[in-house]
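Comments concern the structure below.
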Amino acid sequence: MKILAVASAKGGVGKTTVTESLAVALSRLTHRTVLAVDLDPQNALALHLGVDPQELRGLSRSSLAGQDWRAVCFERHEGVYALPFGVVTEEDRTTLEAQIAAEPRWLAQQLHALDLPDDALVLLDTPPGPSVYGQQALSTAQWVVVVMLADAASYATMPLMQRMVQTYCTPRPEFAGAFYLLNQLNSARQLSQDILRVLRESVGDSYLGAIHADEAVPEALALGQSVLDHGPYSQARHDIMALASALAERMQVLPAAHHPGRGSQ
Ligand SMILES: Nc1ncnc2c1ncn2[C@@H]1O[C@H](COP(=O)(O)OP(=O)(O)O)[C@@H](O)[C@H]1O
Ligand SMILES: [Mg+2]
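Residue numbers for the sequence shown follow this note's numbering, so the first one is 1146 and each next one is one higher.
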């Protein structure tokens, strides 16, 4: 099992969009089982992955009931499973968060109990900024993808994310690396170009790539589809496939016979 967390200091930057689309893209590129786990009480990943909006079940209720998460992993695309956060009362959420805070290995143990195939990929969607969920995700993942927008406010939050990675990830021997991704890039804007350049200079090889601002993304969400299927010729799909290839290569999860650029899209 290889675990990747998707994180950001700010909300609304595209974490859930990135988690969903990378889950589908990585499944298609690697042919491995992919599980996308929603650790954000907003429970938005279910919508992105087309889970029934009436569905209340998820990891929150299962955890509170002392059950493992197997019954709440929903297969949404071939080989792609969604594990929603689910819906709980505010009181139950507070109880759950206290339980999680008292058990630093909560997430690791729950994922282990799923008994996924050895080569499975797990993507963790997280709430923005510091939280018990984000802390568990960063303490469990081997890789982290930090999502940012190409604007000054997002760029200003980079030191917070770097501190979180240094605190929860870097000290662990199994941690393999953090990557930075720019979302909603607008190539026509000088500011976007400037932030892209500064980011590349400051994080070097950890820069993973960018996803352009593309109406196909919110349209796909409104239709309950993956943007990879809704916009087969969209800029966003092109960008996401390129990011997934770069990520798969760095995580060394491409099938042995894979040749970059051939038959992979
Ligand atoms: N590349 C993009 N182009 C256009 N809209 C986007 C893009 N990425 C995300 N969005 C939109 O931005 C909003 C926030 O995205 P979301 O993934 O929910 O962010 P987060 O999980 O960080 O809060 C959604 O409405 C989504 O459709
Ligand atoms: Mg989200």
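Glycine is no exception: its CB is placed at the ideal position from the N, C-alpha and C atoms. Since this is a predicted model, take the numbers as computed values, not measurements.
| Item | Value |
| --- | --- |
| The alpha helix (DSSP H) with V1372 in it runs from where to where? | V1372 to H1375 |
| With DSSP collapsed to three states, give me the class of W1251. | helix |
| According to the neighbour-count rule (16 or more other Cβ atoms, all chains shown, within 10 Å of its Cβ), is D1183 buried or exposed? | buried |
| Here's a check: name, in chain order, each residue in its chain whose Cβ is nearer than 8 Å to the Cβ of S1205, leaving out the five neighbours to either side. | P1186, F1230, G1231, V1232, V1233, D1237, R1238 and L1241 |
| Please work out which residues of its chain come closer than 8 Å, Cβ to Cβ, to S1351, disregarding the five sequence neighbours upstream and downstream, and give them in chain order. | G1322, A1323, F1324 and Y1325 |
| Helix, strand or coil for A1150 per DSSP? | strand |
| Report the three-state DSSP secondary structure of E1319 (helix, strand or coil). | coil |
| Whole angstroms are fine: how far does the CA of Q1329 sit from the CA of L1252? | 30 Å |
| With Q1287 and K1155 assumed to form a contact (beta carbons below 8 Å), what rounded beta-carbon distance in angstroms separates them? | 24 Å between Cβ atoms; not a contact. |
| To the nearest angstrom, report how far apart A1227 and L1269 are at their CA atoms. | 10 Å |
| Using 7 Å as the limit for Cβ to Cβ distance, is R1177 near chain B? | In the structure shown, chain B cannot be found, because there is only a single protein chain. |
| Is it buried or exposed for Y1378, if we count other Cβ within 10 angstroms and need 16 for buried? | exposed |
| Under a criterion of Cβ closer than 5 Å to any non-hydrogen atom of ligand 2, which residues qualify, in chain order? | K1160, T1161 and A1189 |
| Can the beta-carbon of V1179 be found less than 7 Å from the beta-carbon of V1217? | no |
| Are the CB atoms of A1381 and V1362 nearer to each other than 7 Å? | yes |
| Out of curiosity, what's the CA-to-CA distance linking L1174 and A1358? | 23 Å |
| Can you tell me where the beta strand (DSSP E) holding Y1352 begins and where it ends? | Y1352 to H1357 |
| Looking at V1158: is its Cβ nearer than 7 Å to the Cβ of L1294? | yes |
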